[in-house]
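Peer 1: Numbering (the working numbering), first residue to last: 8 to 585. Dropping a structure here in structure tokens format, bear with me for questions.
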């Protein structure tokens with residue numbers, strides 16, 4: 008006979024028993040030991056009352072032990088951020104009970120919450136109410152920061168104005184460098200891609216350069232240099248892309264102009280090896296075009312050598328100065344194809360190129376995603392070492408390259424014309440900028456004597472005599488011996504009847520070759536008389552004026568119109584003559 012159990016198994020019964028035991032133990036621990044005392048009292052009526060007081064013994068409170076693991080230990084990054092905040096806000100936490108300090112702290116809290124309008128109202132109240140407050144400068148800068156953090160075109164424009172005013176009012180304050188840095192950051196945030204408008208990039212470059220020149224001892228100088236490198240990376244990309252476009256259209260002068268501008272102005276460009284190789288290829292294209300022309304062999308050889316030398320110089324620069332660049336092998340292959348020796352860079356050149364290439368950042372997934380979704384320039388591979396140029400070199404223009412090509416062509420075909428032109432040209436200035444000295448054999452002119460003019464006879468007297476009259480200035484004697492300086496006016500009158508000969512210096516007279524006078528303009532014929540086709544007395548009777556001078560009513564046909572409203576008759580009324 009099997010015994011029935013309430014639990015389906017032995018394990019279930021054990022678990023239930025343990026649970027019941029745990030509940031009973033918890034209830035026993037929760038029961039407090041209660042002790043009581045009774046007291047009997049008698050009131051005024053003689054009745055007795057008994058009061059019972061029950062008390063439970065209170066256990067001793069144990070102090071909460073602070074576990075060592077629960078202590079908050081500030082990390083190095085937190086401490087670094089606190090030190091940075093203290094440097095930025097040196098007045099934070101000081102004099103917190105002062106009203107101006109309370110306004111300043113309230114505005115800072117509103118900025119952190121994104122309530123920029125409320126923060127600006129509090130800061131403006133501080134400036135107007137407490138003109139001698141120690142927070143005047145910080146409040147002025149905080150207003151500009153609120154516009155900057157708000158963002159947007161209008162807000163950034165207002166922020167730029169506020170930062171400029173801060174630099175004017177507090178030029179010697181350490182925060183003036185921060186204000187100038189913010190002005191550059193405003194334009195940096197608005198920069199577009201290289202194939203778009205680059206006005207903001209040029210303004211950012213100007214502001215960062217001003218930051219480096221006006222505040223060279225500021226702690227923000229490294230950050231300003233890096234931003235300047237990134238801006239110049241964007242501008243160099245723009246010039247390079249334009250040059251690449253012109254190369255696809257075989258417009259070699261424009262290609263050379265753009266690539267040469269990048270080489271001269273932006274030496275830290277990340278794709279400088281590609282630019283130099285493209286510059287050499289453009290010169291090689293010009294040399295190939297010269298080979299197709301039917302020119303004298305000597306002149307063609309000189310012209311080809313001119314372009315080949317320029318291409319070789321570009322390829323050699325890649326091999327020597329950018330030996331660690333990705334496309335240096337392409338330059339070496341081009342030199343080898345031209346049967347030229349490949350140069351070997353010095354250890355200093357190799358070390359400089361390696362340091363420059365190693366300073367560039369590599370693309371990450373975050374960078375590629377941001378470039379894909381945000382409309383901003385690609386400055387990931389910008390250099391992070393070296394000094395960015397603070398002045399722009401003179402840009403190379405396509406018309407200048409075209410004129411240089413024409414000059415090279417002329418010099419190659421006419422080699423004797425170049426020395427003659429060089430001899431005829433006079434130097435305008437020396438190397439140090441002073442005026443060029445005259446030749447040694449040329450004597451310096453001396454001051455001329457005062458002008459002495461003779462009387463000029465009248466035209467009638469000259470015509471009657473038929474002679475020439477000379478009015479001149481006597482030559483001044485020179486102490487140098489032989490050098491004179493004179494100026495005169497010669498009035499020549501020809502005899503009557505003699506043809507006058509004009510000395511025009513070989514220039515043709517202005518005007519038509521046929522100087523025969525035109526015939527007189529004929530007078531226009533008079534207009535014909537108007538003829539009235541209507542003869543008098545033939546006017547219709549209906550239009551004739553009444554004898555009494557009054558205008559009568561226009562007549563009508565009674566057969567077709569009614570007598571009341573002069574409407575056409577309808578139906579059977581057409582048969583009624585009345």
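Even glycine gets a Cβ: it sits at the ideal position worked out from N, Cα and C.
(1) Checking 8 Å against the spacing of the C-beta atoms, do residue 277 and residue 208 come in under that value?
(2) For residue 211, which residues from the same chain have a beta carbon less than 6 Å from its beta carbon, with the 5 sequence-adjacent residues on both sides left out?
(3) Are at least three pairs of beta-carbons, each pair with one atom in the region 356 to 374 and one in the region 394 to 404, less than 8 Å apart?
(4) Under three-state DSSP, which class holds residue 273?
(5) Under 8 Å, with one C-beta from each stretch per pair, do the region 374 to 394 and the region 351 to 366 reach the 3-pair mark?
(6) Using three-state DSSP, classify residue 224 as helix, strand or coil.
(7) Is it true that the CB of residue 124 sits closer than 8 Å to the CB of residue 113?
(8) Determine the DSSP secondary structure at residue 613, reduced to helix, strand or coil.
(9) Below 8 Å between beta carbons: does that hold for residue 148 and residue 107?
(10) According to DSSP, is residue 390 part of a helix, a strand, or is it coil?
(11) Buried or exposed for residue 241, please, with buried defined as at least 16 other CB atoms from any protein chain shown within 10 angstroms of its CB.
(12) How many angstroms separate the CA atom of residue 420 from the CA atom of residue 304?
(13) In this structure, does DSSP put residue 501 in helix, strand or coil?
(14) Cβ of residue 155 within 8 Å of Cβ of residue 127?
(15) Helix, strand or coil for residue 371? Go by DSSP, reduced to three states.
(16) Does the ligand GTP have a heavy atom nearer than 7 Å to the CB of residue 224?
(17) Taking 8 Å as the threshold (C-beta atoms), are residue 280 and residue 348 in contact?
(18) Between the C-alpha atoms of residue 458 and residue 522, what's the straight-line distance to the nearest angstrom?
(19) Since residue 249 and residue 265 should fall inside the 8 Å C-beta cutoff, what is the C-beta to C-beta distance between them, to a whole number of angstroms?
(20) Can residue 174 and residue 187 be called in contact, C-beta distance under 8 Å?
(21) In its own chain, which residues sit with a C-beta less than 8 Å from the C-beta of residue 311, not counting the 5 before and 5 after it?
(22) Go ahead and label residue 152 buried or exposed: buried means 16 or more other beta carbons lie within 10 angstroms of its beta carbon, across all protein chains shown.
(23) With respect to the alpha helix (DSSP H) encompassing residue 353, which residues constitute its N-terminal and C-terminal limits?
(24) From which residue to which residue does the alpha helix (DSSP H) around residue 176 run?
(25) For residue 382, count the other beta carbons within 10 Å of its own beta carbon; 16 or more makes it buried, fewer makes it exposed. Which is it?
(26) Does DSSP put residue 279 in a helix, in a strand, or in coil?
(27) CB residue 321 to CB residue 286, shorter than 8 Å?
(28) Let's test the definition: count the other Cβ atoms within 10 Å of the Cβ of residue 203 and tell me whether it reaches 16, buried, or not, exposed.
(29) Could you check what DSSP says for residue 429 in three-state terms: helix, strand or coil?
(30) Is DSSP giving residue 210 helix, strand or coil here?
(31) My output table needs one value for residue 334: the three-state DSSP class, helix, strand or coil.
(32) For residue 533, does the three-state DSSP call read helix, strand or coil?
(33) With a CB to CB cut of under 7 Å and the five nearest residues on each side skipped, what residues in its chain are close to residue 386?
(34) Which word fits residue 198, buried or exposed, when buried means at least 16 other C-beta atoms lie within 10 angstroms of its C-beta?
Peer 2: Judging by the given coordinates:
(1) no
(2) 191, 194, 195 and 238
(3) no
(4) coil
(5) yes
(6) coil
(7) no
(8) Residue 613 lies beyond the stretch modelled for the chain, which goes from 8 to 585, so this question has no answer here.
(9) no
(10) coil
(11) buried
(12) 10 Å
(13) Only weak support is given to the placement of residue 501: the predicted model assigns it a pLDDT of 49, under 50, and the value that follows is read from those uncertain coordinates. Three-state result, residue 501: coil.
(14) Cβ atoms of residue 155 and residue 127: not closer than 8 Å.
(15) Reduced to three states, the DSSP call for residue 371 is coil.
(16) Annotation note on the ligand GTP: not contained in the displayed structure, which lists no ligands.
(17) no
(18) Annotation note: pLDDT 46 at residue 458 (below 50); position unreliable, coordinate value reported separately. Taking the straight line joining both Cα atoms gives about 41 Å.
(19) 5 Å
(20) The Cβ-Cβ distance between residue 174 and residue 187 falls below 8 Å.
(21) Cβ neighbours of residue 311 within its own chain (closer than 8 Å, five residues either side excluded): 294, 297 and 298.
(22) buried
(23) Boundaries cannot be given for residue 353, as no alpha helix (DSSP H) includes it and DSSP labels it neither H nor E.
(24) 160 to 176
(25) exposed
(26) helix
(27) Against a cut-off of 8 Å, the Cβ pair of residue 286 and residue 321 comes out as a contact.
(28) exposed
(29) For residue 429, the predicted model reports a pLDDT of 48, less than 50, meaning its position is unreliable; a value from the coordinates is still stated below. In this structure, residue 429 counts as helix in the three-state DSSP scheme.
(30) In the three-state reduction of the DSSP assignment, residue 210 falls in the helix class.
(31) Annotated three-state conformation of residue 334 is coil, per DSSP.
(32) coil
(33) 237, 240 and 241
(34) buried
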